[in-house]
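Novice: Residue numbers for the sequence shown follow UniProt numbering, so the first one is 1 and each next one is one higher.
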Amino acid sequence: MFKPDESRKESQESFKKRGRLGSNATASDKNIRVQELHEILIEEKQRNNELENRFEEIHKEMALKSIEMEQRIIKLKETLKKVRNGYVKTQNPIKELEIVDDVNSKLQGSIKEILKEASELVSVKENEIIKSFDFKLSEICAELEDKRKKKNKEIAANKEKEEQYTAEAEMLKKSANYIESRNKNLEEHNKQLKVELNARESELLALKKRILTMTTPLQIRPESQSPFTRIRNPLTAHSLASRSSSSDSRSQRYDTIVLKLKQLIEIERSNLRAAKTAFTAEMEYKTEIEKILRSCVDDVKMEILKKKGQIRKIELDGEKKVILDELLAAEDFLNRVYDRAYPKSLLKR
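1) Classify glycine 19 as helix, strand or coil using the three-state DSSP reduction.
2) How many angstroms separate the CA atom of asparagine 104 from the CA atom of methionine 62?
3) For isoleucine 99, is the beta carbon positioned less than 7 Å from some heavy atom of the ligand SAM?
4) Would you kindly work out how many angstroms separate the C-alpha atoms of aspartate 298 and glutamate 39, rounded to a whole number?
5) Leucine 193 and alanine 274 - do their beta-carbons sit closer together than 8 Å?
6) Given this structure, state the Cα-to-Cα distance separating leucine 137 from serine 123, to the nearest angstrom.
7) Beta carbon of phenylalanine 333, beta carbon of alanine 169: below 8 Å?
8) Roughly how many angstroms lie between the CA atoms of isoleucine 292 and lysine 173, to the nearest whole one?
9) Return the Cβ separation of isoleucine 304 and alanine 330 in integer angstroms, given the expectation that the two are a contact with Cβ distance under 8 Å.
10) Check whether the Cβ atoms of glutamate 36 and isoleucine 140 sit closer than 8 Å, and answer yes or no.
11) Closer than 7 Å by C-beta to arginine 200: which residues in its own chain qualify, once you throw out the five before and the five after it? Chain order, please.
12) For isoleucine 265, which option in Ser202, Thr277, Asp102, Ala278 has the closest C-alpha, if you only look at C-alpha atoms?
13) Is the segment 65-74 in contact with the segment 151-163, if contact means three or more CB pairs nearer than 8 Å?
14) For chain B, find out if any of its Cβ atoms is closer than 8 Å to the Cβ of valine 103; answer yes or no.
15) Tell me, to the nearest whole angstrom, how far the beta carbon of lysine 125 is from that of leucine 51; I am working on the premise that it is less than 8 Å.
16) Could you give the C-beta distance for asparagine 183 and lysine 262, rounded to a whole number, given that I count them as a contact under 8 Å?
17) Under the assumption that asparagine 198 contacts phenylalanine 279 (Cβ atoms under 8 Å), give the Cβ distance between them as a whole number of angstroms.
18) If you draw a straight line from the C-alpha of valine 34 to the C-alpha of serine 28, how long is it?
19) Leucine 107 and isoleucine 73 - do their beta-carbons sit closer together than 8 Å?
20) Please say whether isoleucine 179 and methionine 214 have beta carbons closer to each other than 8 Å?
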């Protein structure tokens, strides 16, 4: 007789192996594949029901044929019994017995052939069902394995991007701290330059006033301010000569002082120009650093927005929620770094 349990051992073992292969898949993928397997099992049950109906029909046909054969055998046995008992008188009883025996052997052979064909049909159908089920199961396991590999690749890519974002955030943090310290140093240096500039301007004004007072000719001064009006005694020729020589030496000394003061003014002007150029260079460097930092922050924000759009398209599970939270934290951190590096008071300037 045909035993379905023994024929299904191979399929059950293959199913267990494929189940172990697909154990690494996620819960959502497993649920989807369980539903698909459930649908496949429903189809296989329908096919099994059809086969069972077919088997029942074959069994009924075989039962009817066996009943017919039994009836014929009973009739033949009765005729044989009658022949043996002498109730039926035939011309050749041995020939009749041979005919009956031949018919009986043919009936038994046909019954065996029918049973053999039925068992072969059942085994063939069940083998076909098992092969189709194993083929579909292998396809599903292969799909699950591909999805698992893709999932692992996505997780690895997300980890790499997360590490890249953290490294960029650390670099931005360091650059923000450097820019902040540099900004403070530049502000202090700017204050010192302003103080020095005011001092130099005041010194320059004082020197200009002094030069103006020194370069005025002695004839234009009023007599009350001239030193000669203070002398009441009459002047001699010797005293006039000495006074003229002293006035010449004093004028020469005034000229040298004026020349030195002019040189000092030129030096101070050149120093002032150098300070202004250094200040403008520092301000340009600061603006360039601000532009670079702003572009970096904008690039990171664009990457975060792109990542948010990609994450919205994919199903949100535990790992993606963690990645989204980390990206939001990175965005918040970048905003705080930007606000700290560029306060509103500095932007208003």
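For each residue, glycine too, the CB sits at the ideal point set by N, CA and C.
Specialist: Let me spell this out:
1) In this prediction, glycine 19 has a pLDDT of 49, which is less than 50 and means its spatial position is unreliable; what the coordinates show is noted afterwards. DSSP, read as helix, strand or coil, puts glycine 19 in helix.
2) Their Cα atoms are separated by approximately 17 Å.
3) Within the structure as shown, the ligand SAM is missing, as the structure has no ligands at all.
4) One C-alpha to the other measures close to 50 Å.
5) With respect to leucine 193, alanine 274 sits apart: the two C-beta atoms are not nearer than 8 Å.
6) Roughly 21 Å between the two C-alpha positions.
7) It is a contact, given that the beta carbons lie within the stated cut-off.
8) For isoleucine 292 and lysine 173, the distance between alpha carbons rounds to 13 Å.
9) The Cβ separation is near 7 Å, so the contact holds.
10) Isoleucine 140 sits close to glutamate 36, with the two beta carbons spaced by under 8 Å.
11) Only Glu268, Leu272 meet the Cβ criterion.
12) For the residues Ser202, Thr277, Asp102, Ala278, the minimum Cα distance to isoleucine 265 belongs to Ser202.
13) No, because fewer than three Cβ pairs between the segment 65-74 and the segment 151-163 fall closer than 8 Å, the two stretches do not touch.
14) Annotation note: the requested chain B is absent from the structure, which comprises a single protein chain.
15) Going by Cβ atoms, the distance from lysine 125 to leucine 51 rounds to 5 Å, so yes, they are a contact pair.
16) The C-beta distance from asparagine 183 to lysine 262 rounds to 39 Å, too long to meet the 8 Å contact threshold.
17) Incorrect: roughly 14 Å between the Cβ atoms, too far for contact.
18) Here the alpha carbons of serine 28 and valine 34 stand approximately 10 Å from one another.
19) Yes; because the gap between Cβ atoms is below 8 Å, this pair is in contact.
20) Not a contact, by the Cβ cut-off of 8 Å.
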